[in-house]
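So the sequence lines, in the order shown, correspond to chains Z and U. First residue of the first sequence? That's 2 in our numbering, and the numbers climb one at a time after it. First residue of the second sequence? That's 549 in our numbering, and the numbers climb one at a time after it. Shown next, in structure tokens, is the structure this report addresses.
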Amino acid sequence: QQQVKQSPQSLIVQKGGISIINCAYENTAFDYFPWYQQFPGKGPALLIAIRPDVSEKKEGRFTISFNKSAKQFSLHIMDSQPGDSATYFCAASGGGGGLTGGGNKLTFGTGTQLKVEL
Amino acid sequence: GAVVSQHPSRVICKSGTSVKIECRSLDFQATTMFWYRQFPKQSLMLMATSNEGSKATYEQGVEKDKFLINHASLTLSTLTVTSAHPEDSSFYICSASSGRENEQYFGPGTRLTVT
Numbered sequence: 002q003q004q005v006k007q008s009p010q011s012l013i014v015q016k017g018g019i020s021i022i023n024c025a026y027e028n029t030a031f032d033y034f035p036w037y038q039q040f041p042g043k044g045p046a047l048l049i050a051i052r053p054d055v056s057e058k059k060e061g062r063f064t065i066s067f068n069k070s071a072k073q074f075s076l077h078i079m080d081s082q083p084g085d086s087a088t089y090f091c092a093a094s095g096g097g098g099g100l101t102g103g104g105n106k107l108t109f110g111t112g113t114q115l116k117v118e119l
Numbered sequence: 549g550a551v552v553s554q555h556p557s558r559v560i561c562k563s564g565t566s567v568k569i570e571c572r573s574l575d576f577q578a579t580t581m582f583w584y585r586q587f588p589k590q591s592l593m594l595m596a597t598s599n600e601g602s603k604a605t606y607e608q609g610v611e612k613d614k615f616l617i618n619h620a621s622l623t624l625s626t627l628t629v630t631s632a633h634p635e636d637s638s639f640y641i642c643s644a645s646s647g648r649e650n651e652q653y654f655g656p657g658t659r660l661t662v663t
């Protein structure tokens, strides 16, 4: 119920291409879906996030597509660059709330290692 | 905005000693802080959630007496690994949330090596 399934595990894209990473969730109480980018030896950085009241959100080259009925969301990186090579994690939270902060406890996907080649 | 720092970035300690890791929210007040552990090429594993002024809530399987968490102020949380053993070697990452939204901002992580 709390799992977030992420695919693919690894991805190689040519420079200028589109990188697509997919996630699926089970818990219908989730109401916040962020994507994080992590470089080796660093903490994750919030890239972009979406809430279920919209089907798409775009920030620069990064777009989240959200399908509430299918319980799926995906990250699209347009014009992928070598500097985008990193591990990407999807996550989900919500449904708990309260003073314990349980409502914003993140459930992470397993991660996707993206490599953008020249 | 939304900057979270961690100190130290790297620490090496001997087996049996204790190590304290600090997590600070630099430009916002963090009502909730989270501590994660990450093994190489794996996802983040939540260890505990702490709210300012109250006891931390630990995830199942995490020893509360081994991983002591203190959230004494709205900008500082500490994780103390007590009686460290080599299997505690890992990358420890904190995150902070202001509580207004679900957003969590992560620190840069602390690499702990226990020899």
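Each residue gets a CB set at the ideal place from its N, CA and C atoms; glycine is no exception.
- Restricting attention to U:THR661, U:PHE654 and U:GLN590, the CA atom closest to the CA of Z:GLY44 is found in U:PHE654.
- Interface residue (Cβ-Cβ distance to chain U less than 7 Å): Z:TYR89 is not classified as such.
- Within the DSSP secondary-structure output, U:LEU627 pairs in a beta bridge with U:ILE569 and U:ILE617.
- Shortest Cα-Cα distance from Z:MET79 to any of Z:THR88, Z:LEU107, Z:LYS69 and Z:THR64 involves Z:THR64.
- Under a 10 Å Cβ-count criterion, U:HIS619 is classified as buried, with 16 or more other Cβ atoms of the shown protein chains found around its own Cβ.
- Judged by beta-carbon spacing, U:SER637 lies beyond the 7 Å limit of U:VAL610, meaning their Cβ atoms are not closer than that value.
- Residue-level contact by beta carbon fails for Z:SER20 and chain U, as no gap is shorter than 7 Å.
- Looking at U:ASP613, U:LEU592 and U:PHE582, the one whose alpha-carbon comes closest to that of U:VAL552 is U:PHE582.
- For U:GLU635, the secondary structure class from DSSP, reduced to helix, strand or coil, is helix.
- Listed along chain U, no residue sits closer than 8 Å to Z:LEU76 by beta-carbon distance, the nearest being about 15 Å off.
- For Z:ASN105, the number of other beta carbons within 10 angstroms of its own is at least 16, and it is reported as buried.
- Contact note: Z:THR29 does not reach chain U at a C-beta cutoff of 9 Å; the least C-beta distance is about 16 Å.
- In the DSSP secondary-structure assignment, Z:ASN23 is bridged to Z:SER8 and Z:SER75.
- Scanning its chain for C-beta atoms nearer than 7 Å, with the 5 sequence neighbours on each side dropped, one finds around Z:LEU48 the residues TRP36, TYR37, GLN38 and PHE63, in chain order.
- Rounded to the nearest whole angstrom, the CA to CA distance from Z:ILE13 to Z:GLU60 is 22 Å.
- Closest by C-alpha distance to Z:PRO83, out of Z:SER20, Z:LYS6 and Z:LYS69, is Z:SER20.
- Only buried fits U:SER625, as 16 or more other CB atoms lie within 10 angstroms of its CB.
- The Cβ atoms of Z:LEU115 and Z:LYS16 lie no closer than 7 Å to each other.
- For Z:TYR26, none of the residues of chain U pass the 7 Å Cβ criterion, the least Cβ distance being about 14 Å.
- Excluding sequence positions up to five before and after U:LYS562, its CB lies within less than 7 Å of the CB of THR663, all in the same chain and listed in chain order.
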